[in-house]
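Per the numbering used here, the sequence shown starts with residue 8, numbered consecutively. Beneath this line is the structure, given in structure tokens, with notes to follow.
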Amino acid sequence: MRLRNRKDAKCAASWLGSAGLLTVLLGCLIVFIGCAMTPEKPPLTEAQKKAFLEANAILTACTASDIEQVKALLAKNPALVNARNDVGETPLWRAVVAVHPSEELVKLLLQRGAVVDPVMSTGETPLHVAAGKGRKELVLILLDHGANINARSRAGWTPLHFAAWTSRSEMADVLLAHGAEIDVFEAAALGKTKTLEEFLRRDAKSVQATDEKGLTPLHWAVLKYQAEAVRVLLAHKADPFAPGRTGFSPCSAARESKHAKIVEMMRCP
Numbered sequence: 008m009r010l011r012n013r014k015d016a017k018c019a020a021s022w023l024g025s026a027g028l029l030t031v032l033l034g035c036l037i038v039f040i041g042c043a044m045t046p047e048k049p050p051l052t053e054a055q056k057k058a059f060l061e062a063n064a065i066l067t068a069c070t071a072s073d074i075e076q077v078k079a080l081l082a083k084n085p086a087l088v089n090a091r092n093d094v095g096e097t098p099l100w101r102a103v104v105a106v107h108p109s110e111e112l113v114k115l116l117l118q119r120g121a122v123v124d125p126v127m128s129t130g131e132t133p134l135h136v137a138a139g140k141g142r143k144e145l146v147l148i149l150l151d152h153g154a155n156i157n158a159r160s161r162a163g164w165t166p167l168h169f170a171a172w173t174s175r176s177e178m179a180d181v182l183l184a185h186g187a188e189i190d191v192f193e194a195a196a197l198g199k200t201k202t203l204e205e206f207l208r209r210d211a212k213s214v215q216a217t218d219e220k221g222l223t224p225l226h227w228a229v230l231k232y233q234a235e236a237v238r239v240l241l242a243h244k245a246d247p248f249a250p251g252r253t254g255f256s257p258c259s260a261a262r263e264s265k266h267a268k269i270v271e272m273m274r275c276p
């Protein structure tokens with residue numbers, strides 16, 4: 008629109024101001040209608056309130072590894088052994104992730120009927136967490152009670168994946184001894200060069216495989232300072248410049264690691 012004079016400019020400003028106001032009012036009206044059409048949640052019944060408070064009490068007790076309080080709560084209501092909160096945490100889950108976990112409490116919950124593999128909203132189970140934290144005794148207890156050693160989270164990670172990513176080689180050995188399946192990424196991260204070479208011999212293309220983040224086995228080996236695994240992968244033509252999903256290449260990881268041997272082997276510019 009071409010403005011010929013000051014009067015036209017004034018009219019245009021007035022019109023634009025009105026239009027802007029109308030737009031705001033229309034937006035408010037839409038929000039109001041949307042809120043009006045959204046049904047309100049009915050208030051909790053007394054029974055629901057009681058169930059919520061009881062569940063919260065046992066979850067809190069398990070977080071604190073307070074076995075006596077847990078026993079008292081289960082004596083009143085045995086069903087609380089599998090109580091859940093809105094993200095799927097159960098008493099067993101809380102007992103395993105506690106800062107100072109109690110093996111006795113974990114055993115008690117399992118003896119009282121706790122589901123050994125309750126799945127969180129992330130798809131993780133207590134075994135995932137115990138493995139990732141390197142809690143060997145808890146892992147053994149869970150496995151003795153039938154925990155799924157190859158359970159996968161929503162991201163596709165197994166307990167062994169958690170152990171590998173957190174550089175817990177002893178924990179990984181325990182899982183492998185109990186039949187955990189290993190993939191090429193875990194073999195690279197754990198420095199299991201013989202296993203890694205078997206993967207590459209069976210499937211040469213696995214050297215360029217990518218995980219859900221776009222990382223290759225070479226990324227994993229470099230990030231976990233596994234120099235021998237890096238050597239094996241480079242010998243099988245692993246790409247030091249594979250960008251992943253964010254442009255973060257194995258060379259980028261090598262430079263950040265400042266691991267002299269790896270940096271030298273990678274020959275990154």
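C-beta: ideal position from N, C-alpha, C; glycine also.
Roughly how far, in whole angstroms, is the beta-carbon of residue i from the beta-carbon of residue j, given that I think they are within contact range, below 8 Å?
{"i": "E188", "j": "H168", "result": "Their Cβ separation, rounded to whole angstroms, is 10 Å, which puts E188 and H168 out of contact at 8 Å."}
{"i": "M273", "j": "P257", "result": "7 Å"}
{"i": "R101", "j": "C69", "result": "4 Å"}
{"i": "I156", "j": "G186", "result": "6 Å"}
{"i": "E204", "j": "V237", "result": "Actually they are not in contact, since the Cβ atoms of E204 and V237 sit about 13 Å apart, beyond 8 Å."}
{"i": "R175", "j": "G141", "result": "4 Å"}
{"i": "I74", "j": "L117", "result": "With 8 Å as the limit, I74 and L117 do not qualify as a contact, their Cβ atoms being about 13 Å apart."}
{"i": "G221", "j": "R252", "result": "4 Å"}
{"i": "E96", "j": "L66", "result": "6 Å"}
The alpha helix (DSSP H) with residue i in it runs from where to where?
{"i": "P257", "result": "P257 to S264"}
{"i": "W100", "result": "P98 to V104"}
{"i": "A184", "result": "S176 to A184"}
{"i": "C69", "result": "E53 to T70"}
{"i": "P133", "result": "P133 to G139"}
{"i": "L80", "result": "I74 to K83"}
{"i": "H168", "result": "P166 to W172"}
{"i": "L147", "result": "K143 to D151"}
{"i": "K199", "result": "It is not in any alpha helix (DSSP H) - K199 carries neither H nor E in the DSSP assignment."}
{"i": "P224", "result": "P224 to L230"}
Please state whether the Cβ-Cβ distance between residue i and residue j is less than 9 Å.
{"i": "L115", "j": "K83", "result": "no"}
{"i": "L134", "j": "A154", "result": "yes"}
{"i": "A171", "j": "L149", "result": "no"}
{"i": "S128", "j": "V94", "result": "yes"}
{"i": "L99", "j": "A71", "result": "no"}
{"i": "L207", "j": "V229", "result": "no"}
{"i": "G254", "j": "E219", "result": "no"}
{"i": "T200", "j": "A158", "result": "no"}
{"i": "M178", "j": "V214", "result": "no"}
{"i": "A216", "j": "I269", "result": "no"}
{"i": "P166", "j": "A138", "result": "yes"}
{"i": "K143", "j": "A195", "result": "no"}
{"i": "V103", "j": "V126", "result": "no"}
- Specify whether the region 218-229 and the region 244-257 touch according to this definition: at least 3 beta carbon pairs, one from each stretch, less than 8 Å apart. yes
- Give a yes or no on contact between the region 58-70 and the region 83-97, applying the rule of three or more CB pairs nearer than 8 Å. yes
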